[in-house]
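Here this note's numbering is used: the first residue of the sequence shown is 1160, the next is one more, and so on.
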Amino acid sequence: VKHLSKSYGSKLSPVKALDNISFTVEEGEFVGIMGPSGAGKTTLMNILSTINLPTMGSVSIQGKEITKMKNSELSDFRRK
């Protein structure tokens, strides 16, 4: 995950759910996502699971950049 940001609402009054987060998870690692209500945990998981797209940034899973995939590619990715 590199420089991931997600905003909701209009361009005039956006609400930032995620603001420029980056991290790496190596194969075999376990990661916990914790934080208070409204911190962006669900937004992050929705992006990682390809339910939502980020406003900015990139997500690569097993060498595949999921944030640049087309809908048909995402469908195939989700099935695997």
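Glycine included, C-beta positions come from ideal geometry on N, C-alpha and C.
Note that the coordinates shown come from a computational prediction; the quantities given were computed from them, not determined experimentally.
Going by C-alpha positions, Phe-1182 is about 14 Å away from Met-1204. Here the alpha carbon of Gly-1197 sits roughly 10 Å from the alpha carbon of Leu-1177.
In the three-state reduction of the DSSP assignment, Ser-1234 falls in the helix class.
Of the other Cβ atoms in all chains shown, 16 or more fall within 10 Å of the Cβ of Lys-1165; this residue is therefore buried.
Take the alpha-carbon of Gly-1222 and the one of Glu-1185: they are about 12 Å apart. Approximately 5 Å separates the beta-carbon atoms of Ile-1206 and Pro-1213; this is inside 8 Å, confirming the contact. Annotation for Met-1215: the continuous beta strand (DSSP E) segment containing it runs 1215 to 1217.
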